[in-house]
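When we follow the numbering used here, the leftmost residue of the sequence shown carries the number 111, and every step to the right adds one.
The beta-carbon is built from N, C-alpha and C at its ideal position, and this holds for glycine as well.
The structure displayed is predicted, hence computed values, not measured ones.
Here the structure is laid out as structure tokens; the discussion comes afterwards.
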Amino acid sequence: MNLAPSFAVPRVSGRLLLALARTELLLLRRNRTALLTAVFMPIALVGALHSILTAQRGHLAGVSMSAALLLNLTVVSLVFGVYYNLTAAYVARRGELVLKRLRTGELTDAEILGGTAVPSVLLSGLQIVLMAVGIAALAGLPAPVNPVLVLLGLLLALGVLVPLAALTSAVTRTVETSGFTTLPVVLITMAGSGLLVPFSVFPGWLADLGRRLPATPALELLRIGWLGGDGSAPATSLAGTWQPALPYLLSALVWIAIGCWAAHRWFRWEPRR
């Protein structure tokens with residue numbers, strides 16, 4: 111039996127996926143507005159975030175200010191660098207009929223959406239690394255308590271934000287209006303994540319609502335992994351971080367499944383007529 115044909119398609123698909131990712135990187139370089147927003151927005155917010163965290167110092171007892179600052183900048187980078195940029199990218203490619211043409215080829219729908227997301231994900235990852243290096247050099251930065259949870263939190267945050275960007279693009283007519291359609295998610299994610307403003311500051315019902323937002327479980331994994339706790343109990347050691355992280359891990363997986371289903375159901379591959 112000759113099995114060669116069954117292995118040929120994945121190799122072709124992989125090459126096409128890489129070619130799509132390289133094309134998207136080139137287009138991102140040419141989109142100076144999106145690139146500048148993604149690169150400089152977190153930097154511009156350093157002072158504002160530092161002031162907010164300083165005001166919340168009483169609710170951050172025992173927490174490193176530099177670690178808290180990095181976690182908040184990470185949220186900003188993910189929201190603007192991935193969610194905002196990717197929503198605009200999906201809208202632009204749809205308007206140019208690029209997505210429609212790609213669907214006639216060998217790539218699956220998931221590969222098309224994933225390949226388009228590669229530049230935004232890489233850009234956000236580079237931002238986070240540079241910010242971590244910068245904060246460590248200027249103010250010192252404690253090592254994460256559980257690096258595995260930090261990595262899981264980042265991956266799951268991407269798993270939530272990429273489908274959410276695809277879903278938001280379905281209600282966005284033009285690249286110019288993407289700033290308006292993404293604004294509610296940007297504000298709610300940043301304010302309701304529990305990182306910028308601790309949940310202990312909110313009334314009980316509002317804190318419970320914030321914990322149930324789509325991106326919050328993944329972001330809580332980031333906090334537990336780096337700080338050793340979610341703020342509801344004293345920080346713990348590496349072994350003790352898994353128990354409080356488990357509910358957030360399960361919630362993040364549920365939100366990813368919902369987001370992927372919704373994006374598959376409502377994503378628009380062609381412009382509205």
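As the crow flies, the alpha-carbon of LYS210 is around 47 Å from that of PRO313.
Contact between ALA267 and ALA373 does not hold, since the beta-carbon distance rounds to 16 Å and is not under 8 Å. The Cβ atoms of GLY191 and LEU233 lie closer than 9 Å to each other. Take GLY205, set aside five residues on each side of it, and the residues of its chain with a beta-carbon closer than 8 Å to its own are THR284, VAL285 and PRO381, in chain order. Under the Cβ criterion (8 Å, minimum of three pairs), the segment 346-354 does not count as touching the segment 313-324. Assignment of SER187 by DSSP, reduced to helix, strand and coil, places it in the helix class.
Between the segment 216-227 and the segment 285-299, the count of Cβ pairs shorter than 8 Å is below three; the stretches do not touch. Nearest to LEU329 by alpha-carbon distance, out of ARG378, VAL260, ALA198 and VAL272, is VAL260. The beta carbons of ALA325 and LEU274 sit closer together than 9 Å.
Annotation for LEU271: LEU188, VAL189, VAL192, TYR193, LEU196 and ALA325 place their beta carbon closer than 8 Å to its own, counting only its chain and skipping 5 residues before and after.
Cβ-Cβ separation between GLY263 and GLY335: approximately 6 Å, consistent with a contact (criterion under 8 Å). With a threshold of 16 other beta carbon atoms within 10 Å, TRP376 falls short and is exposed.
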